[in-house]
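Enquirer:
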Amino acid sequence: MLSGRVTLWDAKFRSNPVRIRPSTTFAPGSKPLSNAINEAIREIRNNTTLPPNIRNKAIQNLQLRIYNSRTVGMGAAKNSVLR
């Protein structure tokens, strides 16, 4: 059975070879996180290629703040952060 677990992504470009930290977008209770979750819910609701049961489960997970996050290092960044 599919879990309906959603992964939220944020890319960070660095021109210098440095390690990146988890995106502040994913800070609990933050406005950027609320915006990202609301945008994901809108996109999932509009995605009719997903079966309704998976869409509903994904939306439910997001409303409960159950998700994975990925902060992807771009450019010269030395790493990415998976949570």
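Counting from 168, one number per residue, gives the positions in the sequence shown under our numbering.
For every residue, glycine included, the Cβ atom is placed at its ideal position computed from N, Cα and C.
(1) Alpha carbon to alpha carbon, how far is R250 from V173? Give it in angstroms, no decimals.
(2) I'd like to confirm the pairing. Which residues does DSSP put opposite T216 in its beta bridges?
(3) Going by beta-carbon coordinates alone, are K179 and A243 separated by less than 8 angstroms?
(4) With DSSP as the reference, label I187 as helix, strand or coil.
(5) In three-state terms, what does DSSP make of R250?
Expert: Taking the definition as stated:
(1) 12 angstroms
(2) The partner list for T216 (beta bridge, DSSP) is empty, contrary to what the question assumes.
(3) Taking 8 angstroms as the Cβ cut-off, K179 and A243 do not qualify as a contacting pair.
(4) coil
(5) coil
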